[in-house]
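*Asks:* Submitted below is the structure of interest, expressed as C-alpha cells.
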Amino acid sequence: MSGDATVFDVLPYCCQQLGLQGRACLAASSRQLRTISLGMLHDDGSMLLVALRAAAAAASPHQHPAAAAARAEQTPRAAFVGSASINSDKTCKQHLQAITWLLSHTPTAAAAAGVAERALQVPAVPMQCAKQLLAAGMTVTYAQLVAAANSMVAGVEVWVQAQQELGLHTDIPQAAVTICCPGTWPEETLDYLTEVLRANSTPDLLQLAMNCSGRSAALAAAHSLPAQLEPLLLRKLLLTAAKRMHDAPTASA
C-alpha cells in the first residue's frame, strides 16, 4: 500500500509534465486515476489557453509561406514537407480531442474572465478550435477583435468566421464581418471589398482588413486609404502588410 501511496503522491507532478493529452489518457486508465486527474483540472481557462496555443502551433507549420513554397518544389524536400503536414494534421487533431475532453469537464472555462482577450492573441487558431470555444460560451467582441488586429495577430479573422458558422451574433459590425468572411464575397471581390471599406473607412476596419491572411482584403484596404491619412496610421498599415506578407499599400493606391 505504501508503494501505491507513493505513486499517487507524485501523480500531480506527473500530470503537469504529461500535458492535457496525457491527462486525458491517464483519466481513461482507471476510475481512481480519473478521479485524481479530474480533480486537478482548473475552470479558470488557463489550461484551455495552453491547449489552444498547442493546437495552433501544431496546425501552423503547413500554413507558413516558406512551407507552402517548399511543397511547390518538385524535389524530395516537397515529399518530406507533405509528410510533415500529415503528421501536423494528426497532432492538431489530437489537440482538438484534448480540448473537447477539457471542455466536457470544465464547461465554464471558455467563458471565464479574460479568456477571450488572451485567446485572440493566439496566432493561426484552427477553425475547429475557435468553434469549440465559442460553442462553449466564449464571446468575441469588436473591441477584442480590433485589439488583436492592432497587435498583428495572424488569422484573427477565424473567430468571426466561426461565429458566423455557429450563427452567433455580437457587436461586430457587418462591414467587419464582410471583410473577415471570404465565403460571402462575390466574384468581383476587389471592387466589392473596396466599396465596403470606402463606405466604412475607419482606422479600425482598415487595420483589420490589412491584417487579414488573404491578400484580397488587404488590397481593398490599399484602394480605400483616405487621401489625408495620419502618418502613424499609414506606418502601422504598412507594417501590418509587411508582416502578413502582402504588397505594400502604396504600391496599389
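Counting in this note's numbering, the sequence shown runs from 608 upward without gaps.
Ideal Cβ positions, reconstructed from N, Cα and C, are used throughout, including at glycine.
1) Taking the alpha-carbon positions, what's the residue 663 to residue 701 distance?
2) Our contact map puts residue 737 next to residue 760 with C-beta atoms below 8 Å; I'd like the distance itself, whole angstroms only.
3) For residue 723, count neighbouring C-beta atoms within 10 Å of its own C-beta (all shown protein chains included) and say buried if the count is 16 or more, exposed if not.
4) Report yes if the CB atom of residue 762 is closer than 8 Å to the CB atom of residue 789, and no otherwise.
5) Give the list of continuous alpha helix (DSSP H) stretches no shorter than 4 residues that lie fully inside the stretch 730 to 814.
6) Report the CB separation of residue 743 from residue 717 in whole angstroms; it is logged as a contact under 8 Å.
7) Measure the Cβ-Cβ separation of residue 773 and residue 797 and say whether it is below 8 Å.
8) Let me confirm a value: residue 850 is counted as buried when at least 16 other C-beta atoms fall within 10 Å, else exposed. Which label applies?
9) Would you mind sorting residue 852 into buried or exposed? The rule is 16 or more other CB atoms within 10 Å of its CB.
10) I'd like to know whether the C-beta atoms of residue 777 and residue 809 end up nearer to each other than 8 Å.
11) Is it the case that the Cβ atoms of residue 733 and residue 666 are separated by a distance below 8 Å?
12) For the alpha helix (DSSP H) holding residue 653, just list the boundary residues, first then last.
13) Tell me whether residue 750 is buried or exposed, calling it buried when 16 or more other Cβ atoms sit within 10 Å of its Cβ.
14) Using a Cβ-Cβ cutoff of less than 7 Å, which residues in the same chain neighbour residue 769 once the five nearest sequence positions on both sides are dropped?
*Replies:* On the basis of the supplied data:
1) Here residue 663 refers to the residue found at position 56 of the sequence shown. Here residue 701 refers to the residue found at position 94 of the sequence shown. Per the coordinates, the alpha-carbon of residue 663 lies some 12 Å from the alpha-carbon of residue 701.
2) Here residue 737 refers to the residue found at position 130 when the sequence shown is read from its first residue. Here residue 760 refers to the residue found at position 153 when the sequence shown is read from its first residue. Residue 737 to residue 760, Cβ: 13 Å. No contact.
3) Here residue 723 refers to the residue found at position 116 of the sequence shown. A residue is called buried once 16 or more other Cβ atoms fall within 10 Å of its Cβ, and residue 723 is buried on that count.
4) Sequence index remark: in the sequence shown, residue 762 carries index 155 (1-based). Sequence index remark: in the sequence shown, residue 789 carries index 182 (1-based). With contacts defined by Cβ atoms closer than 8 Å, residue 762 and residue 789 do not form a contacting pair.
5) For the stretch 730 to 814, whole alpha helix (DSSP H) runs of length 4 or above, ordered along the chain, are 734 to 742, 749 to 757, 765 to 773, 781 to 787, 796 to 806.
6) Taking the first residue of the sequence shown as position 1, residue 743 is located at position 136. Taking the first residue of the sequence shown as position 1, residue 717 is located at position 110. At roughly 4 Å, the Cβ-Cβ gap stays under 8 Å, so residue 743 and residue 717 are in contact.
7) Translated into the one-based positions of the sequence shown, residue 773 becomes position 166. Translated into the one-based positions of the sequence shown, residue 797 becomes position 190. With a cutoff of 8 Å on beta-carbon distance, residue 773 and residue 797 are scored as not near each other.
8) Residue mapping note: residue 850 aligns to position 243 of the sequence shown, counting from 1. Under this definition residue 850 is an exposed residue.
9) Taking the first residue of the sequence shown as position 1, residue 852 is located at position 245. So residue 852 ends up on the exposed side.
10) The residue you call residue 777 lines up with position 170 of the sequence shown. The residue you call residue 809 lines up with position 202 of the sequence shown. Not a contact, by the Cβ cut-off of 8 Å.
11) Looking up residue 733 in the sequence shown gives position 126. Looking up residue 666 in the sequence shown gives position 59. Less than 8 Å divides the Cβ of residue 733 from the Cβ of residue 666.
12) One-based indexing of the sequence shown puts residue 653 at position 46. Run containing residue 653: 653 to 666, per the alpha helix (DSSP H) assignment.
13) Within the sequence shown, residue 750 is the residue found at index 143, counting from 1. Residue 750 should be labelled exposed.
14) Your numbering for residue 769 matches position 162 in the sequence shown. Taken in chain order, the residues that qualify are 734, 737, 738, 741.
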